[in-house]
Amino acid sequence: MQSGKNWLFSKKSDLLLLFLPVWLTWGFCFAAPQSWLSAKIPIWVFVVFVLGIDVSHVWSTIFRTYLDREEFRRHRSLLLYSPLVCFTICFLIAAISQLWFWRILTYAAIFHFVRQQFGFMRLYAMRRRKSSNFKLLSDSWMIYFSMLYPIVYWHLISDRYFSWFVDGGFLTFELFSIDLQSVQWVLDHLGNSLYWLLFLFWFVEEVVIHKRTGTAMPWGKIAWMLTTAFNWYLGIVYFNSDLAFTVTNVVAHGIPYIVLVLFYVERKKIIRHPSRFSSNDQFTRNFWIRSAGMITLILVFATFEEFLWDMLLYREYSKFFETILKYPITILDNPISQALALALLSVPQATHYIVDGFIWKRSQKNPDLKAILS
230 MQSGKNWLFS KKSDLLLLFL PVWLTWGFCF AAPQSWLSAK IPIWVFVVFV LGIDVSHVWS
290 TIFRTYLDRE EFRRHRSLLL YSPLVCFTIC FLIAAISQLW FWRILTYAAI FHFVRQQFGF
350 MRLYAMRRRK SSNFKLLSDS WMIYFSMLYP IVYWHLISDR YFSWFVDGGF LTFELFSIDL
410 QSVQWVLDHL GNSLYWLLFL FWFVEEVVIH KRTGTAMPWG KIAWMLTTAF NWYLGIVYFN
470 SDLAFTVTNV VAHGIPYIVL VLFYVERKKI IRHPSRFSSN DQFTRNFWIR SAGMITLILV
530 FATFEEFLWD MLLYREYSKF FETILKYPIT ILDNPISQAL ALALLSVPQA THYIVDGFIW
590 KRSQKNPDLK AILS
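Shown next as C-alpha coordinates:
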(Lines of atoms letter the chains of each structure in order from A and count residues from 1; the text may use other names and numbers.)
(Lines give C-alpha, C1' and ligand atoms only; values in the text may rest on other atoms or scores of the structure.)
Protein backbone atom coordinates (compact mmCIF):
# COMPACT_ATOMS: atom_id res chain seq x y z
CA MET A 1 0.00 0.00 0.00
CA GLN A 2 2.37 2.68 -1.19
CA SER A 3 1.04 6.20 -0.83
CA GLY A 4 0.83 8.51 -3.79
CA LYS A 5 0.41 12.26 -3.77
CA ASN A 6 -3.07 12.13 -5.27
CA TRP A 7 -4.31 9.19 -3.22
CA LEU A 8 -4.68 8.44 0.45
CA PHE A 9 -3.22 4.91 0.44
CA SER A 10 -2.58 4.20 -3.24
CA LYS A 11 -4.63 4.53 -6.40
CA LYS A 12 -5.45 0.83 -6.47
CA SER A 13 -6.22 0.60 -2.75
CA ASP A 14 -8.37 3.74 -2.70
CA LEU A 15 -10.41 2.72 -5.72
CA LEU A 16 -10.85 -0.85 -4.49
CA LEU A 17 -11.50 -0.21 -0.78
CA LEU A 18 -12.85 3.33 -0.46
CA PHE A 19 -14.78 3.97 -3.66
CA LEU A 20 -15.79 0.72 -5.37
CA PRO A 21 -17.97 -0.52 -2.47
CA VAL A 22 -19.95 2.72 -2.56
CA TRP A 23 -20.32 2.67 -6.32
CA LEU A 24 -21.54 -0.92 -6.15
CA THR A 25 -24.33 0.10 -3.76
CA TRP A 26 -25.55 2.58 -6.38
CA GLY A 27 -25.65 -0.15 -9.00
CA PHE A 28 -27.50 -2.39 -6.57
CA CYS A 29 -30.10 0.29 -5.85
CA PHE A 30 -30.68 1.08 -9.53
CA ALA A 31 -30.97 -2.63 -10.36
CA ALA A 32 -33.17 -3.58 -7.40
CA PRO A 33 -36.88 -4.08 -8.17
CA GLN A 34 -39.26 -1.50 -6.76
CA SER A 35 -40.74 -4.10 -4.43
CA TRP A 36 -37.36 -4.34 -2.69
CA LEU A 37 -36.90 -0.59 -2.49
CA SER A 38 -40.34 0.03 -1.04
CA ALA A 39 -40.24 -2.79 1.52
CA LYS A 40 -38.81 -2.83 5.02
CA ILE A 41 -35.16 -3.85 4.98
CA PRO A 42 -34.84 -7.65 5.16
CA ILE A 43 -32.84 -9.50 7.79
CA TRP A 44 -29.91 -10.15 5.45
CA VAL A 45 -29.48 -6.41 4.83
CA PHE A 46 -29.51 -5.79 8.57
CA VAL A 47 -26.90 -8.50 9.17
CA VAL A 48 -24.57 -7.57 6.30
CA PHE A 49 -24.81 -3.79 6.35
CA VAL A 50 -26.03 -2.61 9.76
CA LEU A 51 -24.37 -5.23 11.95
CA GLY A 52 -21.51 -6.18 9.65
CA ILE A 53 -20.44 -2.68 8.65
CA ASP A 54 -22.12 0.07 10.66
CA VAL A 55 -21.89 -1.39 14.16
CA SER A 56 -18.57 -3.07 13.40
CA HIS A 57 -16.92 0.18 12.33
CA VAL A 58 -17.75 1.65 15.74
CA TRP A 59 -15.91 -1.20 17.42
CA SER A 60 -12.90 -0.85 15.11
CA THR A 61 -12.00 2.29 17.07
CA ILE A 62 -10.69 0.10 19.91
CA PHE A 63 -7.67 -0.89 17.81
CA ARG A 64 -6.77 2.79 17.46
CA THR A 65 -7.32 3.49 21.17
CA TYR A 66 -8.05 1.00 23.94
CA LEU A 67 -6.04 -1.92 22.54
CA ASP A 68 -2.97 0.19 21.79
CA ARG A 69 -1.01 0.85 25.00
CA GLU A 70 0.76 3.89 23.61
CA GLU A 71 -2.42 5.47 22.23
CA PHE A 72 -4.31 4.68 25.43
CA ARG A 73 -1.64 6.44 27.48
CA ARG A 74 -1.80 9.50 25.25
CA HIS A 75 -5.59 9.74 25.43
CA ARG A 76 -6.10 8.20 28.87
CA SER A 77 -8.50 10.78 30.32
CA LEU A 78 -10.53 10.97 27.12
CA LEU A 79 -10.86 7.20 26.86
CA LEU A 80 -11.71 6.67 30.52
CA TYR A 81 -14.18 9.49 31.06
CA SER A 82 -15.99 9.59 27.70
CA PRO A 83 -17.92 6.33 28.29
CA LEU A 84 -18.95 7.47 31.77
CA VAL A 85 -20.12 10.86 30.53
CA CYS A 86 -21.97 9.26 27.61
CA PHE A 87 -23.74 6.77 29.85
CA THR A 88 -24.81 9.42 32.35
CA ILE A 89 -26.12 11.85 29.75
CA CYS A 90 -27.83 9.15 27.70
CA PHE A 91 -29.55 7.70 30.76
CA LEU A 92 -30.83 11.07 31.96
CA ILE A 93 -32.22 11.95 28.53
CA ALA A 94 -33.74 8.49 27.93
CA ALA A 95 -35.35 8.53 31.38
CA ILE A 96 -37.05 11.83 30.53
CA SER A 97 -38.01 11.03 26.93
CA GLN A 98 -36.95 8.16 24.70
CA LEU A 99 -38.01 10.13 21.62
CA TRP A 100 -35.72 13.00 22.56
CA PHE A 101 -32.96 10.50 23.29
CA TRP A 102 -33.17 9.26 19.71
CA ARG A 103 -33.49 12.79 18.32
CA ILE A 104 -30.33 13.96 20.04
CA LEU A 105 -28.49 10.80 19.01
CA THR A 106 -29.69 11.31 15.43
CA TYR A 107 -28.23 14.80 15.17
CA ALA A 108 -25.03 13.66 16.89
CA ALA A 109 -24.76 10.90 14.27
CA ILE A 110 -25.34 13.32 11.40
CA PHE A 111 -22.65 15.64 12.75
CA HIS A 112 -20.28 12.68 13.07
CA PHE A 113 -21.01 11.40 9.55
CA VAL A 114 -20.54 14.85 8.04
CA ARG A 115 -17.30 15.45 9.90
CA GLN A 116 -15.89 12.11 8.78
CA GLN A 117 -16.41 12.93 5.12
CA PHE A 118 -14.81 16.32 5.73
CA GLY A 119 -11.93 14.67 7.57
CA PHE A 120 -11.16 12.30 4.71
CA MET A 121 -11.25 15.22 2.29
CA ARG A 122 -8.67 17.03 4.42
CA LEU A 123 -6.52 13.90 4.52
CA TYR A 124 -6.52 13.90 0.72
CA ALA A 125 -5.58 17.58 0.76
CA MET A 126 -2.68 16.79 3.12
CA ARG A 127 -1.23 14.42 0.54
CA ARG A 128 -0.56 17.27 -1.87
CA ARG A 129 1.18 20.62 -1.81
CA LYS A 130 -0.11 23.36 0.45
CA SER A 131 -3.33 24.80 -0.91
CA SER A 132 -4.36 28.43 -0.73
CA ASN A 133 -6.73 29.52 2.00
CA PHE A 134 -9.36 30.21 -0.65
CA LYS A 135 -9.06 26.67 -2.02
CA LEU A 136 -9.27 25.14 1.45
CA LEU A 137 -12.40 27.20 2.08
CA SER A 138 -13.90 26.20 -1.28
CA ASP A 139 -13.29 22.50 -0.66
CA SER A 140 -14.66 22.73 2.88
CA TRP A 141 -17.78 24.57 1.79
CA MET A 142 -18.51 22.08 -0.98
CA ILE A 143 -18.04 18.95 1.13
CA TYR A 144 -20.39 20.35 3.77
CA PHE A 145 -22.90 21.52 1.16
CA SER A 146 -22.89 18.09 -0.50
CA MET A 147 -24.29 16.56 2.70
CA LEU A 148 -26.25 19.36 4.34
CA TYR A 149 -28.44 20.05 1.31
CA PRO A 150 -29.85 16.47 1.31
CA ILE A 151 -30.38 16.75 5.08
CA VAL A 152 -32.28 20.03 4.66
CA TYR A 153 -34.28 18.44 1.84
CA TRP A 154 -35.14 15.57 4.18
CA HIS A 155 -36.37 18.01 6.83
CA LEU A 156 -38.54 19.98 4.43
CA ILE A 157 -39.98 17.11 2.38
CA SER A 158 -41.85 14.90 4.80
CA ASP A 159 -42.64 12.03 2.41
CA ARG A 160 -39.37 10.13 3.00
CA TYR A 161 -40.03 6.44 3.69
CA PHE A 162 -37.01 5.99 5.93
CA SER A 163 -35.52 7.36 9.14
CA TRP A 164 -32.02 7.68 10.56
CA PHE A 165 -32.74 5.72 13.73
CA VAL A 166 -36.46 5.90 14.53
CA ASP A 167 -39.55 7.58 13.13
CA GLY A 168 -39.83 11.11 14.47
CA GLY A 169 -36.09 11.40 14.93
CA PHE A 170 -35.96 14.64 12.96
CA LEU A 171 -37.43 17.89 14.20
CA THR A 172 -40.02 19.01 11.66
CA PHE A 173 -40.76 22.58 10.68
CA GLU A 174 -44.38 23.63 10.37
CA LEU A 175 -44.55 25.77 7.25
CA PHE A 176 -47.87 27.41 8.04
CA SER A 177 -48.02 29.87 5.16
CA ILE A 178 -46.24 27.83 2.51
CA ASP A 179 -47.71 25.15 0.30
CA LEU A 180 -45.58 22.04 0.83
CA GLN A 181 -46.10 20.96 -2.77
CA SER A 182 -44.64 24.29 -3.88
CA VAL A 183 -41.66 23.81 -1.57
CA GLN A 184 -41.01 20.37 -3.06
CA TRP A 185 -41.33 21.74 -6.61
CA VAL A 186 -38.78 24.47 -5.85
CA LEU A 187 -36.35 22.00 -4.34
CA ASP A 188 -36.79 19.38 -7.07
CA HIS A 189 -36.46 21.81 -9.96
CA LEU A 190 -34.26 24.59 -8.62
CA GLY A 191 -32.53 23.30 -5.49
CA ASN A 192 -31.38 20.04 -7.06
CA SER A 193 -30.18 21.81 -10.20
CA LEU A 194 -28.25 24.33 -8.11
CA TYR A 195 -26.71 21.45 -6.17
CA TRP A 196 -25.10 19.96 -9.26
CA LEU A 197 -24.33 23.32 -10.86
CA LEU A 198 -22.21 24.29 -7.86
CA PHE A 199 -20.33 21.02 -8.12
CA LEU A 200 -19.71 21.70 -11.80
CA PHE A 201 -18.25 25.10 -10.90
CA TRP A 202 -16.11 23.46 -8.21
CA PHE A 203 -14.75 20.91 -10.69
CA VAL A 204 -13.98 23.65 -13.23
CA GLU A 205 -12.10 25.43 -10.45
CA GLU A 206 -9.96 22.32 -9.97
CA VAL A 207 -9.22 22.18 -13.71
CA VAL A 208 -8.27 25.87 -13.78
CA ILE A 209 -5.88 25.44 -10.84
CA HIS A 210 -4.39 22.38 -12.57
CA LYS A 211 -3.79 24.34 -15.80
CA ARG A 212 -2.47 27.42 -14.01
CA THR A 213 -0.03 25.67 -11.68
CA GLY A 214 0.93 22.70 -13.83
CA THR A 215 0.29 20.29 -10.97
CA ALA A 216 -1.42 16.94 -11.39
CA MET A 217 -5.16 16.75 -10.99
CA PRO A 218 -6.05 15.65 -7.43
CA TRP A 219 -8.14 12.72 -8.62
CA GLY A 220 -8.33 11.13 -5.19
CA LYS A 221 -9.84 14.22 -3.61
CA ILE A 222 -12.13 14.78 -6.59
CA ALA A 223 -13.37 11.19 -6.40
CA TRP A 224 -14.01 11.58 -2.66
CA MET A 225 -15.94 14.83 -3.11
CA LEU A 226 -18.07 13.58 -5.99
CA THR A 227 -18.69 10.18 -4.41
CA THR A 228 -19.88 11.92 -1.24
CA ALA A 229 -22.19 14.20 -3.21
CA PHE A 230 -23.69 11.43 -5.33
CA ASN A 231 -24.06 9.12 -2.35
CA TRP A 232 -25.95 11.54 -0.12
CA TYR A 233 -28.07 12.77 -3.03
CA LEU A 234 -29.00 9.29 -4.22
CA GLY A 235 -29.54 7.87 -0.74
CA ILE A 236 -31.73 10.71 0.55
CA VAL A 237 -33.13 12.74 -2.35
CA TYR A 238 -33.30 10.46 -5.39
CA PHE A 239 -34.24 7.11 -3.86
CA ASN A 240 -37.10 7.36 -1.40
CA SER A 241 -36.25 3.99 0.11
CA ASP A 242 -35.18 2.60 3.46
CA LEU A 243 -33.10 -0.04 1.69
CA ALA A 244 -31.31 2.48 -0.53
CA PHE A 245 -30.63 4.88 2.32
CA THR A 246 -29.31 2.12 4.57
CA VAL A 247 -26.87 0.51 2.15
CA THR A 248 -25.52 3.75 0.66
CA ASN A 249 -25.14 5.48 4.00
CA VAL A 250 -23.61 2.56 5.87
CA VAL A 251 -21.12 1.49 3.21
CA ALA A 252 -19.83 5.00 2.49
CA HIS A 253 -19.28 5.69 6.18
CA GLY A 254 -18.27 2.37 7.68
CA ILE A 255 -15.91 0.77 5.17
CA PRO A 256 -13.55 3.76 4.72
CA TYR A 257 -13.30 4.15 8.48
CA ILE A 258 -12.45 0.48 9.05
CA VAL A 259 -9.83 0.65 6.28
CA LEU A 260 -8.34 3.81 7.79
CA VAL A 261 -8.05 2.22 11.24
CA LEU A 262 -6.50 -0.97 9.87
CA PHE A 263 -4.03 0.97 7.75
CA TYR A 264 -3.08 3.23 10.67
CA VAL A 265 -2.43 0.27 12.97
CA GLU A 266 -0.31 -1.62 10.45
CA ARG A 267 1.56 1.42 9.14
CA LYS A 268 2.46 2.41 12.69
CA LYS A 269 4.09 -0.99 13.17
CA ILE A 270 6.29 -0.37 10.13
CA ILE A 271 7.41 2.99 11.49
CA ARG A 272 8.16 1.46 14.90
CA HIS A 273 9.81 -1.73 13.59
CA PRO A 274 10.99 -1.19 9.98
CA SER A 275 13.28 -4.23 10.03
CA ARG A 276 10.29 -6.57 10.33
CA PHE A 277 8.92 -5.47 6.96
CA SER A 278 11.61 -5.83 4.33
CA SER A 279 9.29 -5.30 1.37
CA ASN A 280 5.95 -3.88 0.37
CA ASP A 281 4.73 -7.39 -0.43
CA GLN A 282 5.46 -8.42 3.13
CA PHE A 283 3.55 -5.42 4.47
CA THR A 284 0.60 -6.14 2.20
CA ARG A 285 0.53 -9.80 3.21
CA ASN A 286 0.67 -8.94 6.92
CA PHE A 287 -1.94 -6.22 6.43
CA TRP A 288 -4.51 -8.63 5.03
CA ILE A 289 -3.77 -11.38 7.57
CA ARG A 290 -4.00 -9.07 10.56
CA SER A 291 -7.01 -7.29 9.08
CA ALA A 292 -8.88 -10.59 8.86
CA GLY A 293 -8.29 -11.18 12.55
CA MET A 294 -9.29 -7.64 13.53
CA ILE A 295 -12.44 -7.74 11.42
CA THR A 296 -13.42 -11.07 12.95
CA LEU A 297 -13.09 -9.60 16.44
CA ILE A 298 -15.15 -6.48 15.73
CA LEU A 299 -17.83 -8.65 14.10
CA VAL A 300 -18.06 -10.65 17.32
CA PHE A 301 -18.41 -7.48 19.39
CA ALA A 302 -20.98 -6.03 16.96
CA THR A 303 -23.04 -9.23 16.99
CA PHE A 304 -23.07 -9.32 20.79
CA GLU A 305 -24.12 -5.67 20.98
CA GLU A 306 -26.96 -6.08 18.50
CA PHE A 307 -28.02 -9.29 20.24
CA LEU A 308 -28.50 -7.25 23.42
CA TRP A 309 -30.35 -4.45 21.60
CA ASP A 310 -32.78 -6.94 20.12
CA MET A 311 -33.20 -9.10 23.22
CA LEU A 312 -33.73 -6.25 25.68
CA LEU A 313 -35.60 -3.65 23.65
CA TYR A 314 -36.90 -4.37 20.15
CA ARG A 315 -37.22 -8.03 19.11
CA GLU A 316 -37.11 -7.15 15.41
CA TYR A 317 -34.47 -9.68 14.40
CA SER A 318 -35.00 -12.50 16.87
CA LYS A 319 -35.23 -15.00 13.99
CA PHE A 320 -31.56 -14.34 13.31
CA PHE A 321 -30.19 -13.92 16.81
CA GLU A 322 -32.05 -16.87 18.33
CA THR A 323 -30.33 -19.16 15.85
CA ILE A 324 -27.21 -18.25 17.84
CA LEU A 325 -28.71 -18.31 21.33
CA LYS A 326 -32.27 -18.41 22.60
CA TYR A 327 -33.18 -15.26 24.49
CA PRO A 328 -32.93 -16.10 28.20
CA ILE A 329 -35.04 -13.14 29.38
CA THR A 330 -38.16 -11.31 28.29
CA ILE A 331 -38.16 -7.89 26.69
CA LEU A 332 -37.82 -4.95 29.08
CA ASP A 333 -41.08 -3.09 29.70
CA ASN A 334 -40.18 -0.85 32.65
CA PRO A 335 -39.30 2.71 31.48
CA ILE A 336 -36.33 3.01 33.85
CA SER A 337 -34.99 -0.39 32.79
CA GLN A 338 -35.40 0.63 29.17
CA ALA A 339 -33.56 3.91 29.83
CA LEU A 340 -30.71 2.03 31.47
CA ALA A 341 -30.49 -0.38 28.54
CA LEU A 342 -30.60 2.46 26.01
CA ALA A 343 -27.84 4.32 27.83
CA LEU A 344 -25.61 1.29 28.30
CA LEU A 345 -25.96 0.01 24.74
CA SER A 346 -25.40 3.49 23.31
CA VAL A 347 -22.07 3.90 25.08
CA PRO A 348 -19.93 2.33 22.29
CA GLN A 349 -21.56 4.48 19.62
CA ALA A 350 -21.64 7.74 21.59
CA THR A 351 -18.07 7.22 22.81
CA HIS A 352 -17.00 6.62 19.22
CA TYR A 353 -18.54 9.96 18.22
CA ILE A 354 -16.59 11.81 20.91
CA VAL A 355 -13.27 9.99 20.71
CA ASP A 356 -13.19 10.15 16.93
CA GLY A 357 -13.16 13.93 17.12
CA PHE A 358 -9.78 13.85 18.89
CA ILE A 359 -7.76 10.86 17.72
CA TRP A 360 -7.53 12.01 14.09
CA LYS A 361 -6.47 15.59 14.81
CA ARG A 362 -2.89 16.56 14.07
CA SER A 363 -1.71 17.48 17.55
CA GLN A 364 0.92 16.63 20.14
CA LYS A 365 -1.24 13.74 21.32
CA ASN A 366 -1.20 12.22 17.81
CA PRO A 367 2.47 12.51 16.82
CA ASP A 368 2.35 9.51 14.47
CA LEU A 369 -0.55 10.79 12.39
CA LYS A 370 1.48 12.93 10.00
CA ALA A 371 4.08 10.24 9.33
CA ILE A 372 1.46 7.55 8.78
CA LEU A 373 -0.99 9.48 6.60
CA SER A 374 1.28 11.88 4.74
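Numbers given in the working numbering equal positions in the sequence shown, counted from 1, plus 229. Glycine included, C-beta positions come from ideal geometry on N, C-alpha and C.
Tell me which residue opens and which closes the alpha helix (DSSP H) that residue i is part of.
{"i": "residue 255", "result": "249-260"}
{"i": "residue 368", "result": "362-385"}
{"i": "residue 269", "result": "That residue, residue 269, is in no alpha helix (DSSP H); it is neither H nor E in DSSP."}
{"i": "residue 471", "result": "471-501"}
{"i": "residue 605", "result": "No answer is possible for residue 605: it lies beyond the span of the chain, which begins at 230 and ends at 603."}
{"i": "residue 601", "result": "598-602"}
{"i": "residue 286", "result": "285-293"}
{"i": "residue 451", "result": "448-461"}
{"i": "residue 399", "result": "Looking at the DSSP string, residue 399 is not in any alpha helix (DSSP H), and its letter there is neither H nor E."}
{"i": "residue 301", "result": "298-303"}
Comparing alpha-carbon positions, which option in the options lies nearest residue i?
{"i": "residue 234", "options": "299, 356 and 311", "result": "356"}
{"i": "residue 578", "options": "277, 332 and 337", "result": "337"}
{"i": "residue 462", "options": "481, 398, 279 and 313", "result": "481"}
{"i": "residue 464", "options": "258, 244 and 236", "result": "258"}
{"i": "residue 335", "options": "582, 487 and 537", "result": "582"}
{"i": "residue 248", "options": "384, 520 and 449", "result": "449"}
{"i": "residue 391", "options": "438, 300 and 267", "result": "267"}
{"i": "residue 393", "options": "426, 339, 431 and 349", "result": "339"}
{"i": "residue 329", "options": "526, 453, 243 and 398", "result": "398"}
{"i": "residue 256", "options": "565, 497, 557 and 473", "result": "473"}
{"i": "residue 457", "options": "275, 254 and 287", "result": "254"}
{"i": "residue 493", "options": "540, 446 and 516", "result": "516"}
{"i": "residue 308", "options": "295, 261 and 369", "result": "295"}
{"i": "residue 593", "options": "302, 276 and 283", "result": "302"}
{"i": "residue 589", "options": "560, 306, 290 and 279", "result": "290"}
{"i": "residue 275", "options": "548, 557, 603 and 555", "result": "548"}
{"i": "residue 467", "options": "418, 514 and 316", "result": "418"}
{"i": "residue 524", "options": "284, 244 and 242", "result": "284"}
{"i": "residue 190", "options": "395, 459, 420 and 250", "result": "Within the shown structure, residues of the chain are numbered from 230 to 603, placing residue 190 beyond reach of any answer."}
Closer than 8 Å, CB to CB, is residue i near chain B or not?
{"i": "residue 368", "result": "The chain labelled as chain B is not found in the depicted structure, where only one protein chain is given."}
Assuming the contact rule is C-beta atoms closer than 8 Å, residue i and residue j should be a hit. Round their C-beta distance to whole Å, please.
{"i": "residue 542", "j": "residue 319", "result": "About 13 Å; that fails the 8 Å criterion."}
{"i": "residue 237", "j": "residue 373", "result": "That pair is no contact at about 20 Å."}
{"i": "residue 499", "j": "residue 597", "result": "Going by Cβ atoms, the distance from residue 499 to residue 597 rounds to 11 Å, so no, they are not a contact pair."}
{"i": "residue 601", "j": "residue 519", "result": "Not confirmed; about 15 Å, so no contact."}
{"i": "residue 385", "j": "residue 412", "result": "6 Å"}
{"i": "residue 341", "j": "residue 483", "result": "Residue 341 to residue 483, Cβ: 12 Å. No contact."}
{"i": "residue 349", "j": "residue 453", "result": "6 Å"}
*What are the uninterrupted segments assigned as alpha helix (DSSP H) that are 4 or more residues long and contained completely in the stretch 545-583, given in chain order?*
Within the stretch 545-583, the alpha helix (DSSP H) runs of at least 4 residues that lie entirely inside it are, in chain order, 547-550.
*Could you give the uninterrupted runs of the alpha helix (DSSP H) lying entirely in the stretch 312-358, keeping only those of 4 residues or more?*
Fully enclosed alpha helix (DSSP H) runs of 4 or longer: 327-355.
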